[in-house]
Amino acid sequence: MADSVDVNKGLPANPEKATLEGKNKFLGMFVFLAGETTMFATFFGTYLGLRSGTASGPESADLFQLPLVFIMTMILLTSSLTSVLATFAMKKNQFGKLKLWMWVTFLLGVSFLSLEIYEFVEYYEHGLGYTTSAFASSFYTLVGLHGAHVLFGLGWILLLLLRNRNAGITLTNAPKFYAFSLYWHFIDLVWVFIFTVVYLMGIGG
Amino acid sequence: MAENLDQPFKESAMNSEERRKINREQRTQVIAFAFMIGITILAFLAVGAEGIPNAFTVPFILLLALVQLILQLYYFMHLKDKDHGWPNSFMISGLVLAAPMIAALILLLGVVKY
């Protein structure tokens with residue numbers, strides 16, 4: 001095989017791309033993320049088009065709280081860093097560190113999602129139901145879609161961690177952890193635009 | 001090699017040169033992260049502070065988001081690395097498609113009122 005790798009000396013420097021399957025997973029992930037970019041663009045466009053249509057329901061400035069959004073943003077940004085540190089541990093063949101940073105990522109993701117659920121319940125109690133206005137439904141759909149992605153990522157990393165809890169770093173699971181980390185950065189990236197376009201522009205724009 | 005794909009490794013095959021490079025890269029990432037935290041705080045301050053006109057705030061925070069986009073894509077997602085030609089072309093075509101979609105939807109939904 002042309003792309004075979006010498007594994008006698010130890011873990012290759014880029015274990016996630018050492019095999020053909022790993023390379024394919026890596027490339028496939030980016031194809032998927034490019035598609036996700038366009039999908040999120042449609043949701044962002046819809047929200048921006050409809051955000052002034054509040055139909056005498058609550059407006060964004062009445063609902064959004066800067067401190068809560070700030071805490072959520074910090075949590076998600078930090079989880080992006082911890083998943084980067086996990087991939088560096090993977091390259092250095094430090095399995096314990098990889099697991100530790102991935103668990104930290106998982107816990108940060110859980111706390112983010114809990115805050116988001118709390119936020120939605122709070123808004124609902126302030127009279128913003130899903131069908132209250134065009135603003136309400138486009139807001140819940142955009143932010144909820146991001147939340148669903150976070151939930152999916154949490155399930156993904158939980159399964160990976162449980163299935164590979166004693167496996168060590170192999171050429172089979174390294175691409176999987178790496179693909180998750182790419183996905184997680186993308187989630188973080190979408191959140192950057194959500195907190196800017198939805199929350200900050202909702203309060204100050 | 002197919003039979004030992006599920007074998008963990010006792011050690012890393014990296015030589016000291018590669019190890020130094022990866023440690024340097026890790027430091028770069030932590031600095032990029034600190035930078036991202038900084039511009040996030042800046043964006044929140046621009047909105048939270050009194051007396052800054054919206055005409056300034058909105059383009060300013062959008063610009064900061066763009067900087068974050070570049071930092072995330074090129075540092076955390078490694079698009080700046082070598083052998084990332086295809087990922088780069090996929091992500092760029094995704095963004096090139098996304099921009100007119102957002103503009104078209106804002107115009108469609110915002111101008112033709114519901």
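If you're matching them up, the sequences are chains A and B in order.
Using full-length UniProt numbering, the first residue of the first sequence is number 1, and each one after it goes up by one.
Using full-length UniProt numbering, the first residue of the second sequence is number 1, and each one after it goes up by one.
The beta-carbon is built from N, C-alpha and C at its ideal position, and this holds for glycine as well.
Beta bridge pairing from DSSP links Leu11 (chain A) with B:Ser12. Between Lys10 (chain B) and chain A, the shortest Cβ-Cβ separation is below 9 Å.
Taking Gln7 (chain B) as reference, the option from A:Ala167, A:Phe112, A:Met201, A:Lys17 with the minimal CA-CA separation is A:Ala167. In this structure, Gly110 (chain B) sits near Leu50 (chain A), with a CB-CB distance shorter than 9 Å. For Asp188 (chain A), the chain B residues whose Cβ falls inside 7 Å of its Cβ are Gln72, in order along the chain. If you draw a straight line from the Cα of Glu119 (chain A) to the Cα of Leu162 (chain A), it comes to about 30 Å. Secondary structure of Phe60 (chain B) (DSSP, three-state): helix. At a cut-off of 9 Å, the C-beta of Leu42 (chain B) has no neighbouring C-beta in chain A. When DSSP states are grouped into helix, strand and coil, Asn23 (chain B) belongs to the helix group. In the DSSP assignment, Pro58 (chain A) falls outside any alpha helix (DSSP H), carrying neither H nor E. Around the Cβ of Tyr199 (chain A), a 10 Å sphere holds 16 or more other Cβ atoms; the residue is buried.
Taking 9 Å as the cut-off, the beta carbon of Leu27 (chain A) is found no closer than this to the beta carbon of Leu68 (chain A).
Straight-line spacing of the CA atoms in Trp103 (chain A) and Ala55 (chain B) works out to 42 Å. At a cut-off of 9 Å between C-beta atoms, Thr141 (chain A) does not count as an interface residue with respect to chain B. The alpha-carbon separation between Ile117 (chain A) and Leu128 (chain A) amounts to approximately 14 Å.
Annotation for Tyr74 (chain B): no alpha helix (DSSP H) segment contains it, and DSSP assigns it neither H nor E.
When the beta-carbon positions are compared, Leu77 (chain A) and Met36 (chain B) come within less than 9 Å of each other. Listed along chain A, the residues sitting closer than 8 Å to Ile37 (chain B) by beta-carbon distance are Met74, Leu77.
Spatial neighbours of Gly202 (chain A) in its own chain (CB-CB distance under 6 Å, excluding positions within 5 residues in sequence) are listed in chain order as Ser60, Phe64. Interface criterion not met: the Cβ of Arg24 (chain B) is under 9 Å from no Cβ in chain A. Leu97 (chain B) and Leu69 (chain B) have their alpha carbons spaced roughly 16 Å apart. Not flagged as an interface residue toward chain B: Pro58 (chain A), since no C-beta distance is shorter than 9 Å. For Val150 (chain A), the uninterrupted alpha helix (DSSP H) run begins and ends at 134 to 163, by DSSP.
The C-beta distance from Leu105 (chain B) to Thr172 (chain A) rounds to 42 Å, too long to fall under 8 Å, and the pair is not in contact.
Less than 9 Å separates the beta-carbon of Phe88 (chain A) from that of Glu25 (chain B).
The C-beta separation of Val143 (chain A) from Ile194 (chain A) comes to about 6 Å, placing the pair in contact by the 8 Å criterion.
Taking CB atoms only, Val7 (chain A) has a neighbour in chain B less than 9 Å away. Rounded to the nearest angstrom, the gap between the Cα atoms of Thr37 (chain A) and Ser16 (chain B) is 38 Å. One finds Ala13 in chain B with Cβ atoms closer than 8 Å to the Cβ of Pro12 (chain A), taken in chain order. The C-alpha of Lys82 (chain B) is placed about 26 Å away from the C-alpha of Phe9 (chain B). Between the alpha carbons of His185 (chain A) and Gly94 (chain B) lies a gap of roughly 16 Å. Listed along the chain, the chain B residues whose CB falls inside 7 Å of the CB of Ala41 (chain A) are Ala98, Met101, Ile102.
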